[in-house]
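Numbering (our numbering), first residue to last: 98 to 341.
Here's the structure, in structure tokens; my notes come after.
In structure tokens:
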């Protein structure tokens, strides 16, 4: 795999303990339930190897663990700081990255990959999906989540000439959009774009559902949950696909 190296300063940005490395439990729980159902249909209730690639501080893996009992869950991240925190929540963690030789796993070894809130941070998402496809066995499951560029409130913000939520123009500060945290988003997807990208990257049976965003103001959370019924307008896109 020839993944592009991150630009100068980007690695330092993600190694900064102040940069958020966890997302909401609602998304993690929905994703884990979907994966547990998929594994039950193909491998049974035990014995699958599940890689949580980009595990961050292990919060998502810890949320998923009760749904994946009987399976082996391994957290993978490039950030030493994130792995230090993940070790308190996940039994097995491994340092790995897409460049510099790829992930430290054999071809076709994994039954499933969790790829949660990672792809929007990548310089080379094409190379990353190539590598995930490599470590998955034929028919293996990819469970990917990412913010939705076309979330219901982003459509209204764009009409008003406001920078969409989740998008960023700088790693140093927030400019022109709601929110206070800089999280390093480089790429954003709509449901249509994500489906097309996964299919072109060698995955099949792509299905997309929606999940709420934990950062939505309290008074708008009922509406945000309701929007999950229309995945193309949901805050978070949850994609399930299988390796060809």
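Ideal Cβ positions, reconstructed from N, Cα and C, are used throughout, including at glycine.
Residue 164 is bridged by DSSP to nothing; it lacks a bridge partner.
Burial check for residue 128: the Cβ neighbour count within 10 Å reaches 16 or more, so the residue is buried.
Assigned with DSSP and collapsed to three states, residue 192 falls in strand. Per DSSP, the unbroken alpha helix (DSSP H) holding residue 222 starts and ends at 222 to 232. Under DSSP, residue 137 forms no beta bridge with any residue.
DSSP lists 340 as the bridge partner or partners of residue 300.
With fewer than 16 other Cβ atoms inside 10 Å of its own Cβ, residue 293 counts as exposed. Under the DSSP assignment, residue 324 falls in the alpha helix (DSSP H) whose first and last residues are 318 to 324. When the Cα atoms are used, residue 321 and residue 332 turn out to be separated by approximately 7 Å. Residue 141 and residue 244 have their C-alpha atoms spaced approximately 30 Å apart. For residue 269, there is no enclosing beta strand (DSSP E), as DSSP gives it neither H nor E. Cβ-Cβ distances below 8 Å link residue 237 to 205, 207, 208, 209, 210, 339 and 340 in the same chain, with the five nearest sequence neighbours on each side left out; the list follows chain order.
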